[in-house]
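Novice:
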Amino acid sequence: MRERERESKKGFTLVELLVVIAIIAVLSAVGLVMFSSTQKSGRITKRIQDLKAIQTALELYYNQNGKYPSQPMTWACIINLSGVNNLAPNFMVVVPSDPLGDTQYCYQYLSSNNDFEYKVRTNANVFVNSEMSSDQFKQQKNLIEQKNLLEKNLSQQAQFQK
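For the sequence shown, the numbering used here begins at -6 and goes up steadily by one.
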């Protein structure tokens, strides 16, 4: 009889195993949410840096030519070196591409008829969706505010999911 009691105490009960599995599942879910929001924040940061690089190239172009590159009055994707009046190789080494690498998303450029202002944005409406004149673009407030707002929303969603 005592031998039987010893054998039954070896190992874990089903309840103990279920509790451990539940704890592991919760920790995995929290880790996945945190990892996902970190990736999204990284992509937003890269987009901001890319837009700043395009802005710098456009300002260099303006300083040399006295006007911004003209473009038809429609949004045009900057997808190759000759995308906006040959910004590269004179003003940019390479035109940046969206971090997702998806052709659905690109950096877009629009110049006004007077060639004194321009707008650059991404067409990814969920991410940085910035449309501003050159003066606003220099300040970068809109992009930073949108990044901070998105990070705040992501953290609230993560807390809500907990």
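Even for Gly, the Cβ is constructed at its ideal location relative to N, Cα and C. Keep in mind that this is a model prediction, so the values were computed, not measured.
Measuring only the C-alpha atoms, how far is L51 from K60?
Specialist: Cα-Cα distance, rounded: 9 angstroms.
Novice: Does DSSP classify D43 as helix, strand or coil?
Specialist: Residue state, collapsed to three classes: helix.
Novice: Between D43 and P82, which are expected to be in contact by the criterion C-beta below 8 angstroms, what is the C-beta distance as a whole number of angstroms?
Specialist: Wrong, their Cβ atoms sit about 17 angstroms apart, outside the cutoff.
Novice: Which of helix, strand or coil does DSSP assign to N156?
Specialist: Coverage of the chain is limited to positions -6 through 155, which leaves residue 156 absent and any answer about it impossible.
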